Amino acid sequence: MLFKDKLKLITKELSSEYDKLFYEILKTQSHDSDMLLVFINGFYSPITNKSLKGFSPYVIGPNKDGHSYSDHYEFIHKYRTESIHELTLKDYLKECEWTSERSKKIDELVAAEKHSIQLEMLIYLKIWESDTFIKQYYQLINLLNGEPYDWHFQIANSSRDKDTTGTRDVLIRKKIRDKLKIKFPKIYSAFKTAYITQVRNSIAHSNYSFAGRNIHLNNDVENDPYSQLKNIEFNNWIEMFHNTMIIYNELLRLNNKIKLLYKATAKANQNLTEIKINKKVKEVEEYYLLVFDERRDDWRWKTK
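Each step along the sequence shown adds one to the number in my numbering, with nothing skipped, and position 48 is 782.
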(Lines of atoms letter the chains of each structure in order from A and count residues from 1; the text may use other names and numbers.)
(Lines give C-alpha, C1' and ligand atoms only; values in the text may rest on other atoms or scores of the structure.)
Protein backbone atom coordinates (compact mmCIF):
# COMPACT_ATOMS: atom_id res chain seq x y z
CA MET A 1 0.00 0.00 0.00
CA LEU A 2 1.12 3.52 -0.72
CA PHE A 3 0.77 6.56 1.51
CA LYS A 4 0.15 9.88 -0.19
CA ASP A 5 1.86 11.92 2.52
CA LYS A 6 4.99 9.75 2.31
CA LEU A 7 5.12 10.01 -1.47
CA LYS A 8 4.69 13.78 -1.28
CA LEU A 9 7.46 14.08 1.29
CA ILE A 10 10.00 12.16 -0.81
CA THR A 11 8.91 13.92 -3.99
CA LYS A 12 9.39 17.30 -2.34
CA GLU A 13 12.90 16.21 -1.32
CA LEU A 14 13.92 14.85 -4.72
CA SER A 15 11.96 16.66 -7.43
CA SER A 16 14.09 19.82 -7.41
CA GLU A 17 17.24 17.66 -7.38
CA TYR A 18 16.09 15.89 -10.54
CA ASP A 19 15.42 19.28 -12.15
CA LYS A 20 19.00 20.27 -11.29
CA LEU A 21 20.24 16.96 -12.70
CA PHE A 22 18.41 17.65 -15.97
CA TYR A 23 19.91 21.12 -16.42
CA GLU A 24 23.37 19.96 -15.33
CA ILE A 25 23.34 17.22 -17.98
CA LEU A 26 22.40 19.80 -20.62
CA LYS A 27 25.67 21.56 -19.75
CA THR A 28 27.90 18.49 -19.43
CA GLN A 29 26.73 16.21 -22.27
CA SER A 30 29.36 15.72 -24.97
CA HIS A 31 26.90 16.55 -27.78
CA ASP A 32 23.79 18.72 -27.72
CA SER A 33 21.48 15.80 -28.56
CA ASP A 34 22.98 13.05 -26.40
CA MET A 35 20.12 13.30 -23.94
CA LEU A 36 17.61 12.82 -26.76
CA LEU A 37 19.25 9.45 -27.43
CA VAL A 38 18.37 8.38 -23.88
CA PHE A 39 14.70 9.03 -24.62
CA ILE A 40 14.58 7.49 -28.12
CA ASN A 41 16.89 4.60 -27.16
CA GLY A 42 19.87 4.55 -29.47
CA PHE A 43 21.48 1.10 -29.58
CA TYR A 44 23.78 -1.16 -31.58
CA SER A 45 22.15 -4.21 -33.18
CA PRO A 46 24.59 -6.44 -35.11
CA ILE A 47 23.39 -7.34 -38.60
CA THR A 48 22.88 -11.11 -38.66
CA ASN A 49 20.37 -11.36 -41.50
CA LYS A 50 22.16 -11.47 -44.87
CA SER A 51 19.24 -9.73 -46.57
CA LEU A 52 19.88 -6.67 -44.38
CA LYS A 53 23.54 -6.28 -45.26
CA GLY A 54 24.27 -2.64 -46.04
CA PHE A 55 21.91 -1.33 -43.36
CA SER A 56 23.36 0.44 -40.36
CA PRO A 57 23.53 -1.58 -37.11
CA TYR A 58 23.00 1.68 -35.18
CA VAL A 59 19.29 1.88 -34.45
CA ILE A 60 16.76 4.04 -32.59
CA GLY A 61 13.48 2.87 -31.12
CA PRO A 62 12.07 0.94 -28.18
CA ASN A 63 13.47 -2.50 -29.09
CA LYS A 64 12.07 -5.54 -27.23
CA ASP A 65 13.25 -4.15 -23.88
CA GLY A 66 11.29 -0.94 -24.42
CA HIS A 67 8.09 -2.81 -25.26
CA SER A 68 8.55 -4.89 -22.11
CA TYR A 69 9.08 -1.70 -20.08
CA SER A 70 5.84 -0.22 -21.44
CA ASP A 71 3.81 -3.31 -20.50
CA HIS A 72 5.26 -3.35 -16.99
CA TYR A 73 4.52 0.37 -16.69
CA GLU A 74 0.81 -0.37 -17.12
CA PHE A 75 0.90 -2.79 -14.18
CA ILE A 76 2.93 -0.41 -12.00
CA HIS A 77 0.76 2.58 -12.87
CA LYS A 78 -2.42 0.69 -12.00
CA TYR A 79 -1.02 -0.20 -8.59
CA ARG A 80 0.29 3.27 -7.80
CA THR A 81 -3.04 4.90 -8.67
CA GLU A 82 -5.34 2.35 -7.02
CA SER A 83 -3.41 1.45 -3.86
CA ILE A 84 -3.21 4.77 -2.02
CA HIS A 85 -4.21 4.21 1.61
CA GLU A 86 -6.89 6.47 3.03
CA LEU A 87 -4.84 7.15 6.19
CA THR A 88 -1.57 9.02 6.54
CA LEU A 89 1.42 6.82 7.30
CA LYS A 90 1.57 8.11 10.86
CA ASP A 91 -2.10 7.31 11.49
CA TYR A 92 -1.76 3.89 9.85
CA LEU A 93 1.20 2.93 12.05
CA LYS A 94 -0.79 4.03 15.08
CA GLU A 95 -3.58 1.67 13.99
CA CYS A 96 -1.02 -1.16 13.91
CA GLU A 97 0.07 -0.69 17.53
CA TRP A 98 -0.81 -3.91 19.30
CA THR A 99 -3.28 -4.13 22.16
CA SER A 100 -5.06 -7.23 23.36
CA GLU A 101 -8.43 -5.55 22.81
CA ARG A 102 -7.65 -4.89 19.14
CA SER A 103 -5.69 -8.05 18.33
CA LYS A 104 -8.24 -9.32 15.79
CA LYS A 105 -8.33 -5.98 13.96
CA ILE A 106 -4.53 -5.78 13.92
CA ASP A 107 -4.29 -9.30 12.54
CA GLU A 108 -6.57 -8.22 9.69
CA LEU A 109 -4.42 -5.14 9.04
CA VAL A 110 -1.22 -7.19 8.96
CA ALA A 111 -2.77 -9.79 6.64
CA ALA A 112 -3.79 -7.03 4.20
CA GLU A 113 -0.36 -5.44 4.46
CA LYS A 114 1.37 -8.75 3.69
CA HIS A 115 -0.78 -9.17 0.58
CA SER A 116 0.07 -5.64 -0.52
CA ILE A 117 3.79 -6.20 0.04
CA GLN A 118 3.70 -9.31 -2.13
CA LEU A 119 2.46 -7.14 -5.00
CA GLU A 120 5.00 -4.46 -4.16
CA MET A 121 7.79 -7.01 -4.26
CA LEU A 122 6.79 -7.85 -7.83
CA ILE A 123 6.87 -4.16 -8.73
CA TYR A 124 10.23 -3.81 -6.96
CA LEU A 125 11.65 -6.48 -9.29
CA LYS A 126 9.95 -5.00 -12.36
CA ILE A 127 11.78 -1.74 -11.66
CA TRP A 128 15.20 -2.83 -10.41
CA GLU A 129 15.54 -5.67 -12.93
CA SER A 130 14.36 -3.58 -15.89
CA ASP A 131 16.93 -3.24 -18.68
CA THR A 132 15.38 0.04 -19.86
CA PHE A 133 15.25 1.56 -16.37
CA ILE A 134 18.89 0.66 -15.69
CA LYS A 135 20.06 1.72 -19.16
CA GLN A 136 18.43 5.14 -18.98
CA TYR A 137 19.89 5.92 -15.57
CA TYR A 138 23.31 4.65 -16.67
CA GLN A 139 23.26 6.81 -19.80
CA LEU A 140 22.15 9.90 -17.88
CA ILE A 141 24.99 9.47 -15.36
CA ASN A 142 27.43 9.02 -18.26
CA LEU A 143 26.27 12.31 -19.73
CA LEU A 144 26.46 13.99 -16.32
CA ASN A 145 30.14 13.07 -16.24
CA GLY A 146 30.81 14.40 -19.74
CA GLU A 147 31.01 10.99 -21.36
CA PRO A 148 29.35 10.33 -24.74
CA TYR A 149 26.15 8.36 -25.11
CA ASP A 150 27.06 4.66 -25.04
CA TRP A 151 25.54 3.03 -28.15
CA HIS A 152 27.14 -0.29 -27.21
CA PHE A 153 25.61 -0.54 -23.73
CA GLN A 154 24.85 -4.15 -22.82
CA ILE A 155 23.83 -5.73 -19.52
CA ALA A 156 25.55 -8.96 -18.51
CA ASN A 157 23.12 -11.71 -17.58
CA SER A 158 25.81 -13.99 -16.15
CA SER A 159 29.51 -14.01 -15.32
CA ARG A 160 30.08 -15.86 -18.60
CA ASP A 161 28.97 -12.88 -20.68
CA LYS A 162 31.92 -11.01 -22.15
CA ASP A 163 32.30 -7.49 -23.52
CA THR A 164 29.35 -6.13 -21.55
CA THR A 165 28.87 -2.91 -19.58
CA GLY A 166 28.25 -4.76 -16.31
CA THR A 167 25.77 -6.82 -14.32
CA ARG A 168 22.56 -5.18 -13.11
CA ASP A 169 23.83 -5.02 -9.54
CA VAL A 170 27.18 -3.44 -10.47
CA LEU A 171 25.49 -0.96 -12.81
CA ILE A 172 22.97 0.14 -10.17
CA ARG A 173 25.38 0.41 -7.25
CA LYS A 174 28.67 1.48 -8.80
CA LYS A 175 27.91 3.03 -12.18
CA ILE A 176 24.74 4.88 -11.22
CA ARG A 177 24.24 5.31 -7.47
CA ASP A 178 27.83 5.89 -6.39
CA LYS A 179 28.47 8.40 -9.18
CA LEU A 180 25.65 10.56 -7.80
CA LYS A 181 27.10 10.78 -4.30
CA ILE A 182 29.13 13.98 -4.63
CA LYS A 183 26.98 16.15 -6.91
CA PHE A 184 23.54 14.81 -5.99
CA PRO A 185 23.72 13.34 -2.47
CA LYS A 186 19.94 13.36 -1.98
CA ILE A 187 19.34 11.21 -5.05
CA TYR A 188 22.26 9.00 -3.99
CA SER A 189 20.66 8.59 -0.56
CA ALA A 190 17.31 7.64 -2.13
CA PHE A 191 19.04 4.93 -4.20
CA LYS A 192 20.88 3.75 -1.08
CA THR A 193 17.59 3.42 0.81
CA ALA A 194 15.63 1.87 -2.05
CA TYR A 195 17.99 -0.68 -3.59
CA ILE A 196 19.44 -3.51 -1.52
CA THR A 197 21.02 -6.37 -3.45
CA GLN A 198 20.19 -9.02 -0.87
CA VAL A 199 16.54 -7.99 -0.75
CA ARG A 200 16.27 -8.07 -4.54
CA ASN A 201 17.80 -11.56 -4.62
CA SER A 202 15.56 -12.76 -1.80
CA ILE A 203 12.46 -11.59 -3.68
CA ALA A 204 13.66 -12.95 -7.03
CA HIS A 205 14.14 -16.43 -5.55
CA SER A 206 11.04 -16.28 -3.30
CA ASN A 207 13.41 -16.83 -0.43
CA TYR A 208 11.62 -14.97 2.37
CA SER A 209 8.81 -15.40 4.89
CA PHE A 210 6.58 -13.21 7.04
CA ALA A 211 6.22 -13.09 10.82
CA GLY A 212 4.14 -10.31 12.31
CA ARG A 213 5.10 -7.05 10.59
CA ASN A 214 8.48 -8.44 9.55
CA ILE A 215 10.01 -9.91 6.41
CA HIS A 216 12.52 -12.64 7.21
CA LEU A 217 15.19 -12.92 4.54
CA ASN A 218 16.33 -16.51 4.19
CA ASN A 219 19.43 -15.77 2.11
CA ASP A 220 21.80 -14.26 4.67
CA VAL A 221 25.38 -15.50 4.29
CA GLU A 222 27.87 -15.08 7.11
CA ASN A 223 30.89 -14.29 4.93
CA ASP A 224 29.13 -12.20 2.27
CA PRO A 225 29.20 -8.46 3.07
CA TYR A 226 26.14 -7.92 0.83
CA SER A 227 24.03 -10.62 2.49
CA GLN A 228 24.05 -9.76 6.18
CA LEU A 229 20.38 -8.89 6.65
CA LYS A 230 18.22 -11.42 8.45
CA ASN A 231 15.07 -9.38 8.81
CA ILE A 232 13.34 -6.25 7.48
CA GLU A 233 10.54 -4.64 9.42
CA PHE A 234 7.51 -3.58 7.41
CA ASN A 235 8.32 0.04 8.30
CA ASN A 236 11.70 -0.32 6.57
CA TRP A 237 10.04 -1.89 3.55
CA ILE A 238 7.74 1.14 3.36
CA GLU A 239 10.85 3.36 3.12
CA MET A 240 12.45 1.15 0.48
CA PHE A 241 9.35 0.86 -1.68
CA HIS A 242 8.26 4.50 -1.51
CA ASN A 243 11.77 5.64 -2.44
CA THR A 244 11.78 3.13 -5.30
CA MET A 245 8.50 4.53 -6.61
CA ILE A 246 9.75 8.12 -6.54
CA ILE A 247 13.02 7.15 -8.27
CA TYR A 248 10.86 5.48 -10.92
CA ASN A 249 8.43 8.41 -11.14
CA GLU A 250 11.21 10.97 -11.46
CA LEU A 251 12.80 9.06 -14.34
CA LEU A 252 9.43 9.14 -16.12
CA ARG A 253 9.27 12.88 -15.51
CA LEU A 254 12.82 13.36 -16.80
CA ASN A 255 11.90 11.51 -19.97
CA ASN A 256 8.94 13.82 -20.48
CA LYS A 257 11.16 16.88 -20.01
CA ILE A 258 13.62 15.48 -22.57
CA LYS A 259 10.82 14.80 -25.03
CA LEU A 260 9.35 18.30 -24.75
CA LEU A 261 12.75 20.01 -24.98
CA TYR A 262 13.87 18.22 -28.14
CA LYS A 263 10.47 18.52 -29.80
CA ALA A 264 10.73 22.29 -29.36
CA THR A 265 14.36 22.31 -30.53
CA ALA A 266 13.52 20.31 -33.65
CA LYS A 267 10.51 22.47 -34.53
CA ALA A 268 12.76 25.54 -34.39
CA ASN A 269 15.09 23.86 -36.90
CA GLN A 270 12.75 22.62 -39.65
CA ASN A 271 12.04 19.51 -37.52
CA LEU A 272 15.69 18.40 -37.80
CA THR A 273 18.02 17.32 -34.99
CA GLU A 274 21.66 16.29 -35.31
CA ILE A 275 22.85 13.29 -33.31
CA LYS A 276 26.29 11.76 -32.79
CA ILE A 277 27.10 8.05 -33.04
CA ASN A 278 30.19 6.87 -31.19
CA LYS A 279 31.34 3.69 -32.91
CA LYS A 280 33.46 1.15 -31.10
CA VAL A 281 35.77 0.57 -34.04
CA LYS A 282 38.70 2.96 -33.66
CA GLU A 283 36.43 5.19 -31.56
CA VAL A 284 34.94 6.74 -34.71
CA GLU A 285 32.40 9.56 -34.34
CA GLU A 286 29.80 10.12 -37.04
CA TYR A 287 26.96 12.64 -37.22
CA TYR A 288 23.48 12.07 -38.62
CA LEU A 289 20.20 13.93 -38.83
CA LEU A 290 16.91 12.87 -37.29
CA VAL A 291 13.53 14.19 -38.37
CA PHE A 292 10.82 14.88 -35.82
CA ASP A 293 7.63 13.48 -37.35
CA GLU A 294 4.81 15.62 -35.97
CA ARG A 295 2.12 13.26 -37.23
CA ARG A 296 3.60 10.30 -35.34
CA ASP A 297 4.99 12.44 -32.50
CA ASP A 298 8.26 10.57 -32.90
CA TRP A 299 11.74 10.73 -34.41
CA ARG A 300 13.04 8.94 -37.50
CA TRP A 301 16.23 8.95 -39.56
CA LYS A 302 16.50 11.61 -42.26
CA THR A 303 16.84 9.86 -45.58
CA LYS A 304 18.93 11.29 -48.39
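Heads up, the beta-carbon is just placed ideally off N, CA and C, and yes, glycines get one too. Treat the numbers as computed from the prediction; the structure is a model and nothing was measured.
Spatial neighbours of Y942 in its chain, beta-carbon cut-off 7 Å, leaving aside the 5 residues before and after: So the qualifying residues of the chain are S936, I949, H950, L951 and N952.
Where do the ends of the beta strand (DSSP E) carrying S850 lie? Unbroken run through S850 is the alpha helix (DSSP H), S837 to W862; no beta strand (DSSP E).
Between which two residues does the beta strand (DSSP E) harbouring Y872 extend? It is not in any beta strand (DSSP E) - Y872 instead sits in the alpha helix (DSSP H) that spans D865 to L878.
Using 10 angstroms around the beta-carbon of E709, count the other beta-carbons present and answer buried if the total reaches 16, otherwise exposed. Here the chain covers residues 735 to 1038 and nothing more, so residue 709 does not appear.
Using 8 Å as the Cβ pair cut-off and three pairs as the minimum, do the stretch 862-869 and the stretch 796-813 touch? Touching, per the Cβ criterion.
Where does G795 fall in DSSP's three states? Note: G795 maps to coil in three-state DSSP.
Please say whether S767 and I1009 have beta carbons closer to each other than 7 Å? Yes, they are a contact pair.
With the cut-off set at 7 Å, would you say N1011 and L878 are in Cβ contact? According to the sequence as given, residue 1011 is Ile; it is not Asn. The answer is no: Cβ separation not under 7 Å.
For the stretch 1015-1029 against the stretch 991-1007, are there 3 or more C-beta pairs whose distance is under 8 Å? Of all C-beta pairs linking the stretch 1015-1029 to the stretch 991-1007, three or more are shorter than 8 Å, placing the two stretches in contact.
Measure from the alpha carbon of L1056 to the alpha carbon of each residue in K920, S837 and T931, then state which is nearest. As shown, the chain starts at 735 and ends at 1038. That puts residue 1056 outside it, with no answer to give.
For V1018, three-class secondary structure by DSSP: Three-state result, V1018: coil.
Buried or exposed: where does L853 fall if 16 or more other Cβ atoms within 10 Å of its Cβ makes it buried? By the neighbour-count criterion, in which 16 or more other beta carbons inside 10 Å mark a residue as buried, L853 falls on the exposed side.
Spell out the partners DSSP gives F944 in its beta bridges. F944 pairs with I949.
CA-to-CA distance, M979 to L821, given in whole angstroms: The straight-line gap from Cα to Cα measures roughly 19 Å.
Buried or exposed for A845, going by 16 or more other Cβ atoms inside 10 Å? It counts as exposed.
For E973, which residues in the same chain have their Cβ closer than 7 Å to its Cβ, ignoring the five residues on either side in sequence? For E973, where only same-chain residues beyond five positions count, the Cβ hits under 7 Å are T927.
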